[in-house]
Every structure is written in C-alpha cells, then in structure tokens.
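Notes follow once the structure below has been shown.
Numbering (our numbering), first residue to last: 41 to 296.
Spelled out as structure tokens, the structure:
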C-alpha cells in the first residue's frame, strides 16, 4: 500500500490512525517477533531518566534469552540505503510510542511515530530530538518513523537533527531526489549506529530494524501493520485521506 499524504488532513485524524497503527505494530511484535523475556507495550510517556534502563551489558549477561523464540537477527547489518556510525561516544504529549521492555520492567527499545505536533514549533521539535538523543545515550535503541515532509524546523529531516548530536560528519545527510520521508533505526550500543531509509509518498513501507541488543535486531513489519490499521479506518475517513477534501463544515469541527 502506498504511503498516504497525511499533511492534507487535520492532525486529529492522523492522531487516531497513529494510535491504531501503534497497536498493530505492538501486536505483531508480541506475536512471535520478540525473543523470550521481552514484551512490547504502548505507552504515552517513557522517562529517559528511569534508573532501571536495561543496558547492553546487562542483556549480555543473560537477562533476556536471545536464542529462545522470536526472529532475532544477528550481526548482519540491516540493508538500508544509508548507514552511519559514530565512535566519538563509544564508551507530542498525547502521542503513544511503542516500548519494548524486559520482563523486569526495564526499557530496551522504543518505536517513535512522528506526529505533526512534533514539528509544530521549535520547542516541540527540540524536545523530540533531545528526547530521542537522551534515549540513545542511555542505551535505549530507537526506531523513528516520520511520514511527514521536512519543515523549517527540520529542513534536512529529523534524522539529521538527531545524528548531528553524535557525529559532526564531513558529508551531511541529504534526502535523495523525491524521497523526503524518513525511517531511521538507531543502535544504542557502545558504537552508536544509524540505519536510515528515505522513502517517498506512494511507496510501500519497508520492514525496519529495531535493535534489542548491540548488533542484534528484529524487523518491524511497518507496512503490514499500516495496512491493517488502514483497513479499520472508516471508508469516509479513507476518502478524506486519499483526496485531501474535507466534508462541508468538517474543517470547523475537526479540532485543528
């Protein structure tokens, strides 16, 4: 299914789809993708300051069974268009995020689906970037899904804003022609790594890696979950998304 242009509809409609999509991603992860001992939850807020963040070293000591259940992939690097690594650090309030937690309650990884509100102001965008960076620095792996085009807050996309906090690269990230939406997965191990897939409207979403341990990841079925969430959207709302045309009078009651 091609990616829809969600910029043409009011933010509340994407928020509803966002919530549904998050649930189906979570369900897919819990239906056999995650190894034993890890669970995906949908949560509204996750603190980067929680004292029980599960580190890579703790996981390596066997607190989660990497060889039992799930489809955990090993050291083969994910196949994305762009890969960045950094050794310099070797050693929107209503929106839900998907959180992968160890059975002891410690956060291992999160999936962030960008909402319009995350780019609506300098403050909101800065908070999103700082939050993502803080998670990665705390050893929490992050997958960012951004179906919205760059704004004046992020003219080069959300990935570049995040990655600039880790690496001052000579060759800066730029979107390939015609591909201005971003999928970016961050391995928060000792050597930070970013796996980036720029995408375009009309393209199907690829499965993206979500790291659970340094160098080890599962593939998140973004497209399958998107299709399922779309199938539950009432047809009249599907038409609004597909055409960008609101019913008469709906603009005034949409809560824009």
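Ideal placement from N, C-alpha and C gives every residue a C-beta, glycine not left out.
A straight line joining the alpha-carbon of residue 255 with that of residue 149 spans about 13 angstroms. DSSP links residue 137 through a beta bridge to 83. In this structure residue 41 is not in contact with residue 260, their Cβ atoms being roughly 16 angstroms apart against a cut-off of 8 angstroms. In this structure, residue 198 lies away from residue 182, with their beta-carbon atoms at least 8 angstroms apart. Here the segment 236-248 lies against the segment 204-223, with 3 or more beta-carbon pairs under 8 angstroms apart.
When secondary structure is reduced to three states using DSSP, residue 66 falls in the helix class. Exclusion of the five residues before and after residue 62 leaves 82, 136, 138 and 153 as the residues of its chain whose Cβ lies within less than 7 angstroms of its Cβ.
Contact check for residue 262 against residue 57 fails: the beta carbons are separated by 8 angstroms or more.
In the structure shown, residue 156 falls within a helical segment according to DSSP collapsed to helix, strand and coil. If you draw a straight line from the Cα of residue 270 to the Cα of residue 53, it comes to about 12 angstroms. Residue 217 and residue 145 have their C-alpha atoms some 42 angstroms from each other. Within the DSSP secondary-structure output, residue 258 pairs in a beta bridge with 250.
Inter-residue distance for residue 143 and residue 72 is about 15 angstroms (C-alpha atoms, whole angstroms). For residue 193, there is no enclosing beta strand (DSSP E), as DSSP gives it neither H nor E. Within the same chain, no residue comes within 6 angstroms of residue 285 by CB-CB distance, once the 5 residues on both sides are set aside. In the structure shown, residue 48 falls within a helical segment according to DSSP collapsed to helix, strand and coil.
Shown here for residue 200: same chain residues with a beta carbon closer than 7 angstroms to its own, the five before and five after excluded, namely 212 and 213 in chain order.
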